[in-house]
Amino acid sequence: MKKGVLLSIAYLFFMAIGHSQDFQGKAVYQSKTSMDMDFGGREMSEEQKKRIKERMKSALEKTFILTFDRTSATYLEEEKLEQPGGGNGGFRVMAFGGGGGKYYKNIKNQTYTDQKEMFGKVFLIKDSLPKLNWVMSAETKQIGNYTCYKATATKPIDSTDFSNFRRPPPGQRGGNKDDANKDEVKKDSTDKKETLFRAIETPKEIEITAWYTLDVPISQGPGEYWGLPGLILEVNAGKTVILCSKIILNAEEKEIIEEPSKGKEVSQKEYNTILAEKMKEMSERFQGGNRGRDGGNQIRIRN
Numbered sequence: 005m006k007k008g009v010l011l012s013i014a015y016l017f018f019m020a021i022g023h024s025q026d027f028q029g030k031a032v033y034q035s036k037t038s039m040d041m042d043f044g045g046r047e048m049s050e051e052q053k054k055r056i057k058e059r060m061k062s063a064l065e066k067t068f069i070l071t072f073d074r075t076s077a078t079y080l081e082e083e084k085l086e087q088p089g090g091g092n093g094g095f096r097v098m099a100f101g102g103g104g105g106k107y108y109k110n111i112k113n114q115t116y117t118d119q120k121e122m123f124g125k126v127f128l129i130k131d132s133l134p135k136l137n138w139v140m141s142a143e144t145k146q147i148g149n150y151t152c153y154k155a156t157a158t159k160p161i162d163s164t165d166f167s168n169f170r171r172p173p174p175g176q177r178g179g180n181k182d183d184a185n186k187d188e189v190k191k192d193s194t195d196k197k198e199t200l201f202r203a204i205e206t207p208k209e210i211e212i213t214a215w216y217t218l219d220v221p222i223s224q225g226p227g228e229y230w231g232l233p234g235l236i237l238e239v240n241a242g243k244t245v246i247l248c249s250k251i252i253l254n255a256e257e258k259e260i261i262e263e264p265s266k267g268k269e270v271s272q273k274e275y276n277t278i279l280a281e282k283m284k285e286m287s288e289r290f291q292g293g294n295r296g297r298d299g300g301n302q303i304r305i306r307n
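Our numbering puts the first residue of the sequence shown at 5, with every later residue one more than the last.
What follows is the structure in structure tokens.
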């Protein structure tokens, strides 16, 4: 009963601010992704492994800014200076499937435009917003000054979602899924020859847990997440945690929320196909030792 009253109040408040053409807000999110760092790099020194882990940690911890009004939003990574000698080479691409750009979504039209750079080329991914079947509960917790409600959903993921890669158990590596002992006997040769895609696997689906607040009754959230009766302040999705650290409503200086327009226009499915092909090519070059001057694998996409 209490939850129903709160939803009614939220709806009335949403209608009130919805008629205000000037309504705008901004939310700052901290995103952290954990990743299995065991890539079978037995020939690497401890110092090299430590350096790679530090670079990967930097690439997997980011700050994003969601700027929203009543129907649309942009989600941008906050730029930060890179430490000298801290280039991530091919690791950044393997973790995220392309460089960060501008993510725009329109909840009224239920569409999104994701601008990404991949191997030197800019893509403009245009598609329908993914719809999650949220299951809302009365469970609450406090995030900062906001009371938040819990909602869960299950999301299918594709093979290009590298943030959810995991290393399979010993008996299932290198295509050998039945004989763990045989895998152990050939461990040395397998570790040297297995490619990136044979060494890791991606689950078919993950459970999403979101925490939203009715104090900001806008159906927005970080990245692709939306569809709840309040602003989503926290998301737990697989190995990624996204947490809101600051909210600003109706600041004096307004920002223009506009859809990106630069790049080759593709659907999400088309982009995933291109990415999978290039990652396979990169894996083969990595296996063959074909590297660029900076020690990373260099692949370009032709126009």
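We put the CB at the ideal spot given by N, CA and C, even for glycine.
Residue burial classification, residue i (beta-carbon count within 10 angstroms, cutoff 16)
i      : result
Val139 : exposed
Gly148 : exposed
Ala255 : exposed
Thr277 : exposed
Lys120 : buried
Ser287 : buried
Ser223 : buried
Ile260 : exposed
Asp118 : buried
Ala155 : buried
Lys106 : buried
Leu237 : buried
CB contact flag (residue i, residue j, <9 Å)
i      : j      : result
Trp215 : Lys145 : yes
Thr37  : Thr217 : no
Leu70  : Tyr116 : no
Glu281 : Tyr108 : no
Phe4   : Ser35  : For the chain, the structure presents residues 5 to 307; residue 4 sits outside this window and is missing.
Phe123 : Tyr275 : no
Ala31  : Ile251 : yes
Straight-line gap, residue i to residue j (C-alpha atoms, nearest Å)
i      : j      : result
Lys159 : Asn110 : 20 Å
Tyr150 : Glu47  : 50 Å
Leu80  : Ile129 : 15 Å
Gly242 : Lys208 : 11 Å
Phe272 : Ser76  : A small fix is needed here, since residue 272 is Gln in this sequence, not Phe. Approximately 19 Å between the Cα atoms of the pair.
Arg202 : Ile161 : The predicted position of Arg202 is uncertain, since its pLDDT is 48 and thus under 50; a value taken from the coordinates is nonetheless stated next. Answer to the nearest angstrom: the Cα atoms are 18 Å apart.
Phe17  : Leu279 : With a pLDDT of 48 at Phe17, under the threshold of 50, the predicted position of this residue should be treated as unreliable, though the coordinate-derived value follows. If you take the alpha carbons of Phe17 and Leu279, they lie about 43 Å apart.
Ser249 : Asp219 : 15 Å
Arg74  : Tyr153 : 21 Å
Glu65  : Asn113 : 31 Å
Lys284 : Tyr229 : 29 Å
Glu257 : Glu82  : 19 Å
Arg289 : Leu133 : 35 Å
Met39  : Gln52  : 17 Å
Met60  : Val239 : 21 Å
Ala63  : Gly231 : 28 Å
Thr78  : Glu50  : 41 Å
Phe27  : Pro221 : 12 Å
Asn137 : Asp131 : 18 Å
Pro233 : Lys125 : 37 Å
Distance between beta carbons of residue j and residue i, contact taken as under 8 Å
i      : j      : result
Gly225 : Leu235 : 7 Å
Gly29  : Leu247 : Not confirmed; about 17 Å, so no contact.
Ala157 : Ile212 : 5 Å
Neighbour flag for residue i against chain D, beta carbons, 9 Å
i      : result
Glu238 : No chain D is present in this structure, which holds just one protein chain.
Exercise. Okay, do the stretch 46–59 and the stretch 253–271 touch, 3+ Cβ pairs below 8 Å being the bar?
Worked result: no
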